[in-house]
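Visitor: Numbering (the numbering used here), first residue to last: 1 to 100.
Below is the structure I would like to discuss, written out as C-alpha coordinates.
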(Lines of atoms letter the chains of each structure in order from A and count residues from 1; the text may use other names and numbers.)
(Lines give C-alpha, C1' and ligand atoms only; values in the text may rest on other atoms or scores of the structure.)
Protein backbone atom coordinates (compact mmCIF):
# COMPACT_ATOMS: atom_id res chain seq x y z
CA UNK A 1 0.00 0.00 0.00
CA UNK A 2 1.50 3.31 -1.03
CA UNK A 3 1.58 5.95 1.73
CA UNK A 4 -0.90 8.80 1.37
CA UNK A 5 -1.29 11.90 3.49
CA UNK A 6 2.41 12.19 4.36
CA UNK A 7 3.78 15.63 3.56
CA UNK A 8 7.28 16.34 2.28
CA UNK A 9 9.58 14.62 -0.16
CA UNK A 10 9.58 10.86 0.24
CA UNK A 11 13.36 10.58 -0.22
CA UNK A 12 14.17 12.89 2.72
CA UNK A 13 11.63 11.81 5.34
CA UNK A 14 13.31 11.17 8.70
CA UNK A 15 11.20 8.07 9.42
CA UNK A 16 10.06 4.82 7.87
CA UNK A 17 6.44 3.74 7.44
CA UNK A 18 5.02 0.26 6.92
CA UNK A 19 1.37 -0.61 6.29
CA UNK A 20 -0.13 -4.05 6.76
CA UNK A 21 -3.38 -5.55 5.53
CA UNK A 22 -5.64 -6.69 8.40
CA UNK A 23 -6.67 -10.28 9.01
CA UNK A 24 -9.76 -11.32 7.06
CA UNK A 25 -11.99 -11.29 10.16
CA UNK A 26 -11.02 -7.64 10.85
CA UNK A 27 -11.17 -6.34 7.27
CA UNK A 28 -14.77 -5.15 7.71
CA UNK A 29 -13.64 -2.55 10.29
CA UNK A 30 -9.86 -2.10 9.86
CA UNK A 31 -8.42 -0.54 6.70
CA UNK A 32 -4.83 -1.29 7.70
CA UNK A 33 -2.30 -1.48 10.52
CA UNK A 34 0.69 0.85 10.35
CA UNK A 35 4.09 1.18 11.98
CA UNK A 36 6.40 4.21 11.96
CA UNK A 37 10.00 4.09 13.21
CA UNK A 38 12.70 6.73 13.41
CA UNK A 39 16.31 7.05 14.55
CA UNK A 40 17.41 10.68 14.71
CA UNK A 41 20.99 11.54 15.78
CA UNK A 42 21.24 12.93 19.33
CA UNK A 43 22.33 16.37 18.11
CA UNK A 44 19.52 16.68 15.57
CA UNK A 45 15.76 17.11 15.52
CA UNK A 46 13.18 16.31 12.88
CA UNK A 47 9.44 16.30 12.44
CA UNK A 48 6.72 14.35 10.73
CA UNK A 49 3.96 16.27 8.92
CA UNK A 50 0.75 14.42 8.08
CA UNK A 51 -2.58 15.44 6.56
CA UNK A 52 -4.72 12.55 7.85
CA UNK A 53 -7.53 10.95 5.91
CA UNK A 54 -10.93 11.47 7.53
CA UNK A 55 -10.92 8.33 9.65
CA UNK A 56 -10.37 7.12 13.20
CA UNK A 57 -6.91 5.88 14.23
CA UNK A 58 -5.72 4.26 17.43
CA UNK A 59 -1.98 4.41 18.06
CA UNK A 60 0.35 2.98 20.69
CA UNK A 61 3.84 4.21 21.56
CA UNK A 62 6.13 3.97 24.60
CA UNK A 63 3.38 3.50 27.17
CA UNK A 64 0.87 5.84 25.50
CA UNK A 65 -2.43 5.09 23.81
CA UNK A 66 -3.98 7.70 21.50
CA UNK A 67 -7.37 7.64 19.84
CA UNK A 68 -7.69 10.20 17.06
CA UNK A 69 -10.93 11.08 15.32
CA UNK A 70 -11.43 12.90 12.04
CA UNK A 71 -8.91 15.75 11.74
CA UNK A 72 -9.01 18.48 9.09
CA UNK A 73 -5.61 20.08 9.62
CA UNK A 74 -1.95 19.16 9.21
CA UNK A 75 -0.51 17.35 12.22
CA UNK A 76 3.14 17.97 13.11
CA UNK A 77 4.94 15.49 15.36
CA UNK A 78 8.45 16.26 16.68
CA UNK A 79 10.86 13.34 16.32
CA UNK A 80 13.90 12.99 18.59
CA UNK A 81 16.17 10.05 19.29
CA UNK A 82 14.82 6.61 18.40
CA UNK A 83 11.19 5.62 18.56
CA UNK A 84 8.23 3.82 17.09
CA UNK A 85 4.44 4.04 16.80
CA UNK A 86 2.02 1.20 16.00
CA UNK A 87 -1.42 2.20 14.76
CA UNK A 88 -4.72 0.94 13.44
CA UNK A 89 -6.65 2.90 10.81
CA UNK A 90 -10.35 2.08 10.91
CA UNK A 91 -12.75 2.04 8.00
CA UNK A 92 -15.67 4.50 8.16
CA UNK A 93 -17.94 3.26 10.95
CA UNK A 94 -15.41 0.56 11.86
CA UNK A 95 -14.47 2.10 15.19
CA UNK A 96 -18.01 1.72 16.55
CA UNK A 97 -18.49 -1.06 19.09
CA UNK A 98 -20.83 -3.72 17.63
CA UNK A 99 -23.93 -4.45 19.70
CA UNK A 100 -24.06 -1.18 21.63
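Using N, Cα and C, we set each Cβ at its ideal position, and we do this for glycine too.
(1) With which residues is residue 31 paired in a DSSP beta bridge?
(2) Kindly list the residues whose CB is nearer than 6 angstroms to the CB of residue 83, restricted to its own chain and excluding five residues on each side of it in sequence; keep chain order.
(3) Is the CB-CB distance between residue 56 and residue 69 below 7 angstroms?
(4) Pick from 64, 34, 46 and 42: whose alpha carbon is nearest that of residue 18?
(5) Compute the beta-carbon to beta-carbon distance between residue 81 and residue 42, rounded to the nearest angstrom, for a pair I have assumed lies under 8 angstroms.
(6) Would you mind sorting residue 85 into buried or exposed? The rule is 16 or more other CB atoms within 10 Å of its CB.
(7) What number of angstroms, rounded off, separates the C-alpha of residue 91 from the C-alpha of residue 47?
(8) Could you pull out every residue in the same chain whose Cβ sits closer than 7 angstroms to the Cβ of residue 88, ignoring the five residues on either side in sequence?
(9) By Cβ distance below 6 angstroms, which residues in the same chain neighbour residue 75 in space, the five residues on each side in sequence not counted?
(10) At which residues does the beta strand (DSSP E) containing residue 123 begin and terminate?
Guide: In this structure, then:
(1) DSSP lists no partner for residue 31.
(2) 38
(3) yes
(4) 34
(5) 7 angstroms
(6) buried
(7) 27 angstroms
(8) 30, 33, 57 and 58
(9) 50
(10) The shown model of the chain, from 1 to 100, leaves out residue 123, and the question about it has no answer.
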